[in-house]
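Below: the structure, in structure tokens.
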Amino acid sequence: MMYPFMTLPDETEIVHSELRPDMTVQVYIEKPDEKDGFHTVSCFLPRYEWRDNSGFSETEIKRYQEIVESTAHLILEFAETGGLLNASGF
């Protein structure tokens, strides 16, 4: 299951998985693109291992790395508690 986490002003969506049996969390980033439809990439915490980049530049990946690093503690917490909405009591 994937849980919504953040929508950036440019409509980039960041979602994450539950805590997986191997103690990792998949962070999935998707951005609409007029030409390609969507650009997508996954980052696996806690190793910050980026996989399956489709359409993002290295500059964009560096920006997303900063965002994921600065919020990883929240993502990991929410992954254990059923996502942001469940953790916040909504």
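To get our numbering, take the position in the sequence shown, counting from 1, and add 28.
Each residue gets a CB set at the ideal place from its N, CA and C atoms; glycine is no exception.
Among the candidates the options, whose CA atom is the shortest distance from the CA of residue i?
| i | options | result |
| --- | --- | --- |
| T35 | P49, R79, E94 and K59 | K59 |
| Y92 | L102, E62, T109 and V55 | V55 |
| M29 | E39, P37, V53 and E41 | V53 |
| D64 | E105, G83 and Y31 | G83 |
| E77 | E97, D61 and E105 | E97 |
| V69 | D38, N81 and R75 | N81 |
| H101 | R75, T87 and K90 | R75 |
Does DSSP classify residue i as helix, strand or coil?
| i | result |
| --- | --- |
| R79 | strand |
| E62 | coil |
| E41 | strand |
| T52 | coil |
| T84 | As written in the sequence, residue 84 is Phe, which differs from the Thr given in the question. In this structure, F84 counts as coil in the three-state DSSP scheme. |
| L47 | coil |
Residue range of the beta strand (DSSP E) that residue i falls in?
| i | result |
| --- | --- |
| F33 | M30 to T35 |
Cβ contact (3+ pairs, closer than 8 Å) linking the segment 38-49 and the segment 103-110: yes
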